[in-house]
Each structure stands twice: as C-alpha cells, then as structure tokens.
Ligand SMILES: Cc1ncc(COP(=O)(O)O)c(C=O)c1O
C-alpha cells in the first residue's frame, strides 16, 4: 500500500518525536540514562496500591470495570473541584473533565480550537508533547524564548504587536509555568500576571499545564494563572502522573462549564471515557489524603536526587557549561558553550553508556543545538554520580578540542 498517498493532510505532518525514538536506545539497562522524564518507579506505593485495588474490586468491582461517564467519575470530579477551590480556583463538578493524562487534555483542546494555520504561542524550549499536539492539528507554532523567570513576556508583547499588524490573533498560548519541561524553570508571579494581561489585550486563550507544581523542594509556591483568571480565559490541566502513578492515565482539565461540554463531545469520539478503574483508584487515594502525604515524601526524595545531580555537575562539569537549578520537578537544563553540539556529545556519551536528551528537539526551529535536558527523576543515586562523572570527563576532552581547534585533526588521526 502507498500509505503516504492515502493519509489526510494533517497525518502527513505527524512524526514521532525524535526524543521518544532516542529513549528506545537509552532505555537499555546498562545505560546510565538521564533521558526519560519518567517518575521513579521505586517511589510507587506498591503495597498500598495492591491493598486499595483489592478493596476496590471487592467493594465496587462491577462498576469499576464498567464504562463510565465521558466527563469522568463524579466522586473524583467532586474531589478535584474541592482541591482546585482550595488552591484559589473556585470550581464546581461541572468545571472538571477527567482526561487520560494531561496529554489527552492538550490533544482535545487542539482538536476543539485549532484550525489549520492558526497561530499557537509555545515556549522555547517547550514540552515536546504539547508542541506535537498542536502540530498534529496543523497549528503554526510561534515560539517565545524563556529566561530564568519563564516565558519572556516583553518578547511576546513585541510578537503580538507584529501579528496584529498582519491582522492575526493567536488562538492560545500553551505554557508550563511550574518547573517546566524541559528547563525546570518556574515562571515568576509578575510574568504570570503579564501573560494574562496580554491574553486579555490580544484576546487569546491560555492553556496552563501543571503536572509538576506540587513537587516543590524549596521556595514559596507561586499562584497559578488560572487563579487570577476572572473570565474563563485560562484552561488548566492537572495530572496524577507525577504526584501518584502515570500508569492509571488520570489527569483533569478545568474550564468553563460550556467549554467542558464541548470538550466532552470531542472526547466521546476519541475514547468514550477515561479508565474507570484508574479513576476510582485515584479517587480513593486522593480522597483519603494519601496523595497529599505521598507528594510531600516524593518532594523530599526527588530533592535528594536533584541535590546529588547538581553537586556532581558542580564537581565534574567544566567551566563554560551552565545549568538551571530547579526548585522542583524532574529536570535540569544544561547549556554547553556556543558552538558545541549536544547531539554529537550525546552520541559519544552513549558509547560510554551515559545518556541524556539533546535540546534541539524542544525547539520548533532547530535552535538549541548546544543545550540538553537532564532528568534526575528516574536514575538511582549510583547511576547519577557515575554518569555525571563520566560525562564530565568526556566534556573536558571535547572542550579541549573545542578550545584548541588546531589539535582537532591531530586527535582525529
Ligand atoms: C509538561 C508536561 N505536560 C504533560 C505531560 C503528560 O503527562 P500525563 O501523564 O498527565 O499525560 C508531561 C509528561 O511528561 C509533561 O512533562
């Protein structure tokens, strides 16, 4: 079959992310991998899950194995409405839609809002799953660079003015304000306020994706953008993947009731409903207060991994290499000296059994060739220390070559 001839136009654009392809290579057990942004499976509360699963099947097995409402399990939605309200986002059950992870939220929002050619503002660098979701619906992605305070709203304002002169308005901006994937950066309160003001002024929506916000190691939590929203302009995505377990695929979307109904129509055609068993399990864990307790222990345990990775980077990475110091989440963003190629370095480091993700895949326009994402979430302490030490040595070797180009040929021989 000549599939290419048969594909819809949008399907021709769909590509598997290079980053995910690389994971296959890096997921071999002998590799010290900082590539995948997975939670640590060692932190999954296995015994408790087994106990609750038993109870669930005994007490409500038949309904837990049945289809459920498209909007999601009503008890879970009630819990999430109360949680969002506690967090400064007044919400009722009708403002909550359960999704198969927040990734599905991004897909459904793109399905509902994006016409081919619509402009969508994205972070640069940005989360590949978000970049991919809007791309699959033929959006034109407009990247706006980040700095230490998150998305640079002055640059955004300039781009919005230019777009306006062309008679165009973005449909929405997709942002991850807390411990962003891939940089670990937390957007400042001022920038959050500013982006909401710009969204009002230029009339676009904001999608606030917050899977990492609760995994905070230090510093004060910053108010969500949704909590400052008085018009329903911000759509919030939450997830149990990082605070509990990703395998149940339970996330949620918070929005105006009428939008929730529209998204439910879109979801009906996608999957009818989210995982009934997983939702009931999440509900039992959340409602009993277990997840809140679990998150606080997780934060301590992930902090230990972050501290270890940072201290190894301090010790072993050469001068000229810089990195972010995230106050939470899973990721450290590394910048190599200008002109050094993170992909070329990765290929060599894989030979020494160490892996990370080079940064170019997080950029829409092929920038960021000297950047890389390091996840400290999954690797065990031993792999973190050994891996970063080996990589530090490799960087020293590479940078000598870089600093003394006349030696390159000699060494290649
Ligand atoms: C920023 C961001 N959003 C969404 C997701 C997807 O999470 P979920 O498992 O809830 O679909 C991830 C996963 O890594 C992520 O980093």
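Numbering (the working numbering), first residue to last: 543 to 955. Where a beta carbon is used, it is the ideal one built from N, C-alpha and C, also for glycine.
Rounded to whole angstroms, what's the CA-CA distance from residue i to residue j? Just pull it up for me.
i, j, result
"residue 668", "residue 601", "43 Å"
"residue 595", "residue 826", "10 Å"
"residue 629", "residue 769", "8 Å"
"residue 942", "residue 932", "16 Å"
"residue 950", "residue 939", "Any reading at residue 950 must be qualified, since the residue scores a pLDDT of 35, below 50, and its modelled position is unreliable; no value is offered."
"residue 631", "residue 821", "22 Å"
"residue 921", "residue 661", "38 Å"
"residue 546", "residue 557", "13 Å"
"residue 561", "residue 761", "31 Å"
"residue 954", "residue 911", "Residue placement at residue 954 is poorly supported in this model, since its pLDDT is 32, which falls under 50; the coordinates still yield a value, given next. If I take the Cα positions, the gap works out to 22 Å."
"residue 789", "residue 839", "20 Å"
"residue 806", "residue 748", "19 Å"
"residue 722", "residue 650", "21 Å"
"residue 765", "residue 690", "17 Å"
"residue 798", "residue 622", "15 Å"
"residue 947", "residue 666", "Confidence in residue 947 is poor, its pLDDT being 41 and thus under 50, which makes the residue's placement unreliable; the coordinate value appears in the next sentence. Residue 947 and residue 666: Cα-Cα distance of roughly 31 Å."
"residue 559", "residue 884", "17 Å"
"residue 686", "residue 573", "34 Å"
"residue 952", "residue 896", "The predicted model places residue 952 with a pLDDT of 41, which falls under 50 and marks its position as unreliable, so this point remains unresolved."
"residue 580", "residue 707", "43 Å"
"residue 909", "residue 657", "26 Å"
"residue 703", "residue 696", "11 Å"
"residue 902", "residue 916", "13 Å"
"residue 831", "residue 824", "11 Å"
"residue 833", "residue 543", "49 Å"
"residue 553", "residue 677", "10 Å"
"residue 646", "residue 794", "9 Å"
"residue 852", "residue 866", "9 Å"
"residue 887", "residue 717", "29 Å"
"residue 569", "residue 637", "39 Å"
Let me check understanding here. Comparing Cα to Cα, which of the options lies closest to residue i?
i, options, result
"residue 905", "761, 827, 671 and 817", "671"
"residue 836", "721, 637, 704 and 784", "784"
"residue 575", "935, 919 and 939", "919"
"residue 914", "695, 833, 937 and 894", "937"
"residue 701", "766, 765 and 741", "741"
"residue 684", "911, 842, 907 and 830", "907"
"residue 688", "622, 774, 737 and 640", "737"
"residue 566", "744, 892 and 909", "892"
"residue 882", "727, 755 and 860", "860"
"residue 496", "666, 643 and 570", "A question about residue 496 goes unanswered here, because the residues of the chain that appear run from 543 up to 955."
"residue 868", "796, 759, 800 and 816", "759"
"residue 694", "544, 597, 676 and 734", "734"
"residue 842", "774, 756 and 886", "756"
"residue 864", "890, 856 and 871", "856"
"residue 767", "728, 804 and 782", "728"
"residue 810", "605, 624, 611 and 589", "611"
"residue 871", "724, 888, 773 and 771", "724"
"residue 659", "648, 638, 862 and 682", "682"
"residue 564", "935, 717, 889 and 588", "889"
With C-beta atoms as the reference, is residue i less than 8 Å away from residue j?
i, j, result
"residue 927", "residue 878", "no"
"residue 752", "residue 780", "yes"
"residue 555", "residue 680", "yes"
"residue 898", "residue 577", "yes"
"residue 607", "residue 814", "no"
"residue 992", "residue 591", "The chain is shown only over 543 to 955; residue 992 falls outside these bounds and no answer can be derived."
"residue 674", "residue 730", "no"
"residue 712", "residue 746", "yes"
"residue 778", "residue 743", "no"
"residue 726", "residue 873", "yes"
"residue 787", "residue 854", "no"
"residue 923", "residue 847", "yes"
"residue 715", "residue 663", "yes"
"residue 653", "residue 808", "yes"
"residue 640", "residue 618", "yes"
"residue 796", "residue 626", "yes"
"residue 613", "residue 802", "yes"
"residue 792", "residue 817", "yes"
"residue 858", "residue 934", "yes"
Does the distance between the C-beta of residue i and the nearest non-hydrogen atom of ligand 1 fall short of 7 Å?
i, result
"residue 831", "no"
Counting only beta-carbon separations shorter than 8 Å, does residue i have a partner in chain D?
i, result
"residue 858", "In the displayed structure, chain D is absent; only one protein chain is listed."
*Around ligand 1, which residues pass a check of Cβ closer than 6 Å to any of its heavy atoms?*
Taking each Cβ in turn, the ones that pass are 579, 643, 644, 645, 669, 671, 718, 723, 751, 753, 781, 783, 788 and 793.
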